[in-house]
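*Asks:* Protein chains in written order, with full-length UniProt numbering: chain G, 1 to 158; chain C, 1 to 158. Can you read through this structure? Questions will come right after.
Number of protein chains: 2
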Amino acid sequence: MIAFPRLDEFDRAILEILQRDNTTSQRTIGEAVNLSAPAVQRRIKRMTEDGVIRANVAVVDPSAVGRSITIFVEVEVISETAAQIEEAKRQFASTPEIQQCYYVTGEADFVLVIVVASMNDYEALTRRLFFGNNNVKKFRTFVAMDRVKVGMEVPTRM
Amino acid sequence: MIAFPRLDEFDRAILEILQRDNTTSQRTIGEAVNLSAPAVQRRIKRMTEDGVIRANVAVVDPSAVGRSITIFVEVEVISETAAQIEEAKRQFASTPEIQQCYYVTGEADFVLVIVVASMNDYEALTRRLFFGNNNVKKFRTFVAMDRVKVGMEVPTRM
DNA sequence: CGTGAAAAAGCGGCGTC
DNA sequence: GACGCCGCTTTTTCACG
Numbered sequence: 001m002i003a004f005p006r007l008d009e010f011d012r013a014i015l016e017i018l019q020r021d022n023t024t025s026q027r028t029i030g031e032a033v034n035l036s037a038p039a040v041q042r043r044i045k046r047m048t049e050d051g052v053i054r055a056n057v058a059v060v061d062p063s064a065v066g067r068s069i070t071i072f073v074e075v076e077v078i079s080e081t082a083a084q085i086e087e088a089k090r091q092f093a094s095t096p097e098i099q100q101c102y103y104v105t106g107e108a109d110f111v112l113v114i115v116v117a118s119m120n121d122y123e124a125l126t127r128r129l130f131f132g133n134n135n136v137k138k139f140r141t142f143v144a145m146d147r148v149k150v151g152m153e154v155p156t157r158m
Numbered sequence: 001m002i003a004f005p006r007l008d009e010f011d012r013a014i015l016e017i018l019q020r021d022n023t024t025s026q027r028t029i030g031e032a033v034n035l036s037a038p039a040v041q042r043r044i045k046r047m048t049e050d051g052v053i054r055a056n057v058a059v060v061d062p063s064a065v066g067r068s069i070t071i072f073v074e075v076e077v078i079s080e081t082a083a084q085i086e087e088a089k090r091q092f093a094s095t096p097e098i099q100q101c102y103y104v105t106g107e108a109d110f111v112l113v114i115v116v117a118s119m120n121d122y123e124a125l126t127r128r129l130f131f132g133n134n135n136v137k138k139f140r141t142f143v144a145m146d147r148v149k150v151g152m153e154v155p156t157r158m
């Protein structure tokens with residue numbers, strides 16, 4: 001866990017803009033936050049070096065590249081020993097179709113966000129991941145009909 | 001639902017680069033895909049207009065801005081008329097703490113990914129979003145203990 | 001931090017295939 | 001239709017006060 005240098009109000013204002021649209025010119029940002037363009041540029045550079053800004057990416061519509069189905073899965077495991085949880089984490093993390101994986105408290109143990117091209121693919125995946133794993137008690141599937149608001153997509157495989 | 005125009009190999013190669021780093025210059029992209037810079041520019045412009053590229057954003061580390069709690073919420077609504085669903089979508093999409101929102105099939109109607117600074121913030125949010133909305137039947141909360149795999153970080157609210 | 005100049009990138013027109 | 005080439009404009013970048 002890295003401790004980040006403090007961000008002042010200028011930094012936060014800049015980040016807020018860049019998270020909406022990182023093609024915004026430094027001059028425009030400068031006007032919005034009352035700073036000169038080079039000052040904005042220096043702050044962006046510093047935050048990038050510090051890892052506050054982790055990447056600059058284009059968000060691509062998955063349906064445009066043939067990965068149109070997003071699925072949420074809650075997974076409940078039978079035994080929650082440290083070793084088994086670690087093993088599950090490792091497996092989920094290394095599965096390409098699993099875009100996001102969180103270990104959670106509550107009625108489930110894991111929440112997965114999966115992106116696949118077809119329900120056939122998803123079915124094959126469940127066979128491999130869940131039915132083929134004797135520590136999975138049950139899982140619930142939610143198929144996304146509409147991506148109302150999406151985070152950054154994981155670079156979609158083309 | 002829009003049918004996207006076909007993407008050829010050039011388009012895919014360009015997207016692959018932009019998803020990793022959209023600050024890559026058109027000239028560099030052109031060299032990588034064997035195209036002139038203006039050709040690359042035209043393709044990017046077209047894909048942006050067509051909605052293939054949905055946004056260009058900076059990816060910010062949430063822990064750098066003090067929003068480190070990730071929470072999953074399943075929301076079940078009472079009445080699922082088109083108007084009410086649209087209204088819910090609008091509200092979720094416009095709430096900054098809601099990082100991702102999907103309208104899903106299954107036992108729930110919406111799945112939300114929320115990022116907040118504290119559980120107090122989350123409680124306030126639930127009050128506003130769920131208890132203050134008489135069309136919400138119930139919601140289930142899952143707090144992330146470990147981000148095993150994150151798609152990419154998040155338009156984080158500051 | 002801001003100013004201003006130099007370098008680079010983005011952008012548009014035009015001719016060609 | 002899309003390509004590449006060539007200028008013009010905007011943006012980025014850096015030295016200096």
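Backbone N, C-alpha and C fix where the C-beta goes; we use that ideal spot for every residue, glycine too.
Could you name the residues that DSSP lists as bridge partners for C/Ala58?
*Replies:* Mapped onto the second sequence, residue 58 of chain C falls at position 58. For C/Ala58, which the question treats as bridged, DSSP gives the partners G/Asn56.
*Asks:* Would you give the residue range spanned by the alpha helix (DSSP H) that G/Ile114 belongs to?
*Replies:* Position 114 of the first sequence, counted from the start, is the residue given in the question as residue 114 of chain G. Looking at the DSSP string, G/Ile114 is not in any alpha helix (DSSP H); the run it does join, the beta strand (DSSP E), is Phe110 to Val116.
*Asks:* Helix or strand or just coil, what does DSSP make of C/Glu107?
*Replies:* Along the second sequence, one-based indexing puts residue 107 of chain C at 107. Three-state result, C/Glu107: coil.
*Asks:* When you compare only the Cα positions, how much space is there between G/Leu18 and C/Met47?
*Replies:* One-based indexing of the first sequence puts residue 18 of chain G at position 18. One-based indexing of the second sequence puts residue 47 of chain C at position 47. Approximately 21 Å, taken between the alpha carbons.
*Asks:* Counting only C-beta atoms, is C/Asn134 closer than 8 Å to chain G at any point?
*Replies:* Here the question's residue 134 of chain C lines up with position 134 in the second sequence. Not an interface residue.
*Asks:* Below 8 Å, can you find three or more Cβ-Cβ pairs linking the segment 52-64 of chain C to the segment 49-58 of chain G?
*Replies:* Judged by Cβ distances under 8 Å, the segment 52-64 of chain C makes contact with the segment 49-58 of chain G, as three or more pairs qualify.
*Asks:* Mind checking who G/Thr141 pairs with in its DSSP beta bridge?
*Replies:* Taking the first residue of the first sequence as 1, we reach residue 141 of chain G at position 141. Answer is G/Val73, bridged to G/Thr141.
*Asks:* List the whole-angstrom C-beta distance separating C/Val75 from C/Phe110, where the pair is believed to meet the contact cut-off of C-beta under 8 Å.
*Replies:* Here residue 75 of chain C is taken as the residue at index 75 of the second sequence, counted from 1. Here residue 110 of chain C is taken as the residue at index 110 of the second sequence, counted from 1. Confirmed, about 4 Å.
*Asks:* Alpha carbon to alpha carbon, what distance is there between G/Gln84 and C/Glu49?
*Replies:* Here residue 49 of chain C refers to the residue found at position 49 when the second sequence is read from its first residue. Here residue 84 of chain G refers to the residue found at position 84 when the first sequence is read from its first residue. Cα to Cα, C/Glu49 sits roughly 47 Å from G/Gln84.
*Asks:* By the criterion of Cβ-Cβ separation under 7 Å, what are the contact partners of C/Asp61 in chain G?
*Replies:* If you number the second sequence from 1, residue 61 of chain C lands on position 61. Residues of chain G passing the Cβ test: Gly51, Val52 and Arg54.
*Asks:* Pick out whichever of C/Ala144, C/Ile78 and C/Glu86 has its Cα sitting closest to the Cα of G/Ala108.
*Replies:* Counting from 1 along the first sequence, the entry for residue 108 of chain G is found at position 108. For G/Ala108, the nearest C-alpha among the options comes from C/Ala144.
*Asks:* Starting from G/Ile29, trace the alpha helix (DSSP H) in both directions and tell me its first and last residue.
*Replies:* Numbered from its first residue, the first sequence carries residue 29 of chain G at position 29. First-last of the alpha helix (DSSP H) with G/Ile29: Gln26 to Val33.
*Asks:* Relative to the alpha-carbon of G/Leu7, which residue among G/Glu31, G/Lys138, G/Asp146 and G/Arg43 has its alpha-carbon at the smallest distance?
*Replies:* Position 7 of the first sequence, counted from the start, is the residue given in the question as residue 7 of chain G. Checked all of G/Glu31, G/Lys138, G/Asp146 and G/Arg43; the closest Cα to G/Leu7 is G/Arg43.
*Asks:* To which residues of the same chain is G/Cys101 closer than 8 Å at the C-beta, ignoring the five residues directly before and after it?
*Replies:* Numbered from its first residue, the first sequence carries residue 101 of chain G at position 101. Counting only Cβ-Cβ distances below 8 Å, and skipping sequence neighbours, we find Lys89, Phe92, Ala93, Phe110, Val111, Leu112 and Val113.
*Asks:* Where does C/Ala128 sit, in a helix, a strand or coil, going by DSSP?
*Replies:* Here residue 128 of chain C refers to the residue found at position 128 of the second sequence. Rather than Ala, the amino acid found at residue 128 of chain C in this sequence is Arg. Helix.
*Asks:* So G/Val104 contacts chain C; which residues on that side make the cut at Cβ distance below 7 Å?
*Replies:* Position 104 of the first sequence holds residue 104 of chain G. The answer, in chain order, is Phe72, Phe142, Val143, Ala144 and Met145.
*Asks:* Which residue or residues does DSSP assign as beta-bridge partners of C/Asp146?
*Replies:* Counting from 1 along the second sequence, the entry for residue 146 of chain C is found at position 146. Looking at the DSSP assignment, C/Asp146 forms a beta bridge with G/Tyr103.
*Asks:* Does any CB atom of chain C fall closer than 8 Å to the CB of G/Gln91?
*Replies:* Against the first sequence, residue 91 of chain G aligns to sequence position 91. False, the Cβ-Cβ gap to chain C never drops below 8 Å.
*Asks:* Is the CB-CB distance between G/Asn134 and G/Val77 below 8 Å?
*Replies:* The sequence position of residue 134 of chain G within the first sequence is 134, counting from 1. The sequence position of residue 77 of chain G within the first sequence is 77, counting from 1. Contact: no.
*Asks:* Going along chain C, which residues have a C-beta under 7 Å from residue 176 of chain G?
*Replies:* An answer regarding residue 176 of chain G cannot be provided, because it is not within the stretch 1 to 158 covered by chain G.
*Asks:* Following the continuous alpha helix (DSSP H) through G/Phe10, name the residue where it begins and the one where it ends.
*Replies:* The residue given as residue 10 of chain G occupies position 10 in the first sequence. Here the alpha helix (DSSP H) through G/Phe10 covers Glu9 to Arg20.
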